[in-house]
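Colleague:
Set out below in structure tokens:
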């Protein structure tokens, strides 16, 4: 891709995200979302492969429909209340439309169909942007309007996302699709708590973004897009694969690692809200996700192909990619002991 085009799209992504997260007016929030959508499309379709073009078209159609719903929701609310402020969303129809629009933007069940397909058609770096940066503006809008939304609807969507994200990821062989269903599952955890403790949703999103960034950067370094290629990568970069295994287990939410912190806090908060049954169901559904993370970890470290490759092992990788990976991996694995400090900040 042309460096100037890459610079323009990167700056547009930054601009669109900044406009949305800093705006109080619905028109500005919508403008930011639109800039974001238009900026990411060249990055999705840059390889000119038919699958990439298909992914870009699917992404554009879904995001255009979601943006239209956001606009319709805000206009309906302004018509009835005379308010264009993001926090003043009070009309029931507007709240319902906005929930559907944000569900489409994020890829929540039942609006999740586009997300695995788009991720599969994108490169690993674009898939990373779609899984993290592109989720931030819609989550911010959800955060600012959470007090107006229907708790039953959000809880139902969250549980369905956690269930379907875990269930559909079980039989996948493409790593990007597995990570797409992982993202849907994690969105369920974020959305279930947003009405009761919105700051906890943001904390969960930040930690999820951190762990997903680590996984995508590592996969990009070892050039693994299928489970079969992950099996052969152990002989090339053993150290990187060992840290990838720990990051995947952290993403699954196993106790001594960073990923355990948000799940523990969410279950604790749901129990405080007397939603013990919901907390039990979502905790049980996370076991589905644990299965496919363990499968990925098993493929990346424990299985070895019959004929090992005959070349030198790389114990340290290129400095330009190695340093960021080292930093984000350390944070993805070792943040749990710092949880009292993190909780005092939020």
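Numbering (my numbering), first residue to last: 7 to 352.
All residues carry an ideal CB built from backbone N, CA and C; glycine is no exception.
1. Quick check for students: name the residue ranges of the beta strand (DSSP E) that lie wholly in the segment 199–245, counting only runs of 3 or more.
2. Alpha helix (DSSP H) containing residue 134: first to last residue?
3. Less than 8 Å between the CB atoms is what I'm expecting for residue 103 and residue 78, so what's the real figure, rounded?
4. Between the alpha carbons of residue 122 and residue 69, how many angstroms are there, rounded?
5. Please state the DSSP three-state secondary structure of residue 180.
6. Three-state secondary structure (DSSP) at residue 118?
7. Does DSSP classify residue 54 as helix, strand or coil?
8. Please report how far the alpha carbon of residue 4 lies from the alpha carbon of residue 285, in whole angstroms.
9. Smallest Cα separation from residue 45: which of 349, 98, 18 and 287?
10. Are the CB atoms of residue 335 and residue 210 nearer to each other than 8 Å?
11. Could you give the residue range of the alpha helix (DSSP H) that holds residue 152?
12. Tell me whether the beta-carbon of residue 125 lies closer than 8 Å to the beta-carbon of residue 114.
13. Please name the residue or residues paired with residue 31 in a DSSP beta bridge.
14. Please return the same chain residues whose Cβ sits closer than 6 Å to the Cβ of residue 111, not counting the five positions on each side in sequence.
15. Checking 8 Å against the spacing of the C-beta atoms, do residue 154 and residue 96 come in under that value?
16. Closest to residue 204 by C-alpha separation, out of 235, 186 and 150, would be which residue?
17. In terms of residues, what are the limits of the alpha helix (DSSP H) holding residue 110?
18. Taking C-beta to C-beta, are residue 105 and residue 156 nearer than 8 Å?
19. Report back the beta-carbon spacing between residue 168 and residue 191 to the nearest angstrom; my notes put them in contact at under 8 Å.
Modeller: With the given structure in hand:
1. none
2. 130–137
3. 6 Å
4. 15 Å
5. strand
6. coil
7. coil
8. Lying outside 7 to 352, the shown extent of the chain, residue 4 is not represented and no answer is given.
9. 18
10. no
11. Segment: none, residue 152 is in no alpha helix (DSSP H) and carries neither H nor E.
12. no
13. 91
14. 72 and 144
15. yes
16. 150
17. 98–112
18. yes
19. 5 Å
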